[in-house]
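**Q**
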Amino acid sequence: MRALFRLRTPAALVASLVGGLSPAVAKSFERPIPAPQTDQAEVWFLVASLALVLSLVAVQWLVARR
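Taken in order, the sequence shown gives residues 8 to 73; the numbers are from this note's numbering.
Structure representation (structure tokens):
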């Protein structure tokens, strides 16, 4: 039983040290600001969306024929 207690003590010490440092680390963190979408990205998203819809329509048409 004592060996088990000895194994837990270093882990508890490390956890308390890390827990104590967390607020200091969190205060220095600056959230990244996402960049807005470019016009080129929006065009490619439109192309991909249309391709997806057309492929779904084609699959529905092929399945309905069976």
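Beta carbons are placed, not taken as given, at the ideal position from N, Cα and C, and that holds for glycine.
Quantities reported herein were computed from a predicted structural model and do not represent experimental measurements.
Return the first residue and the last residue of the alpha helix (DSSP H) that E49 is part of.
**A** Counting along the chain, the alpha helix (DSSP H) containing E49 begins and ends at 46–72.
**Q** Can you tell me whether DSSP reads P39 as helix, strand or coil?
**A** Note: P39 maps to coil in three-state DSSP.
**Q** Given a cut-off of 9 Å on the beta-carbon distance, is the pair V44 and F36 in contact?
**A** Looking at the sequence shown, residue 44 is not Val but Gln. In this structure, F36 does not lie closer than 9 Å to Q44 by Cβ.
**Q** Do you know how far the Cα of E49 is from the Cα of A58?
**A** Cα-Cα distance, rounded: 14 Å.
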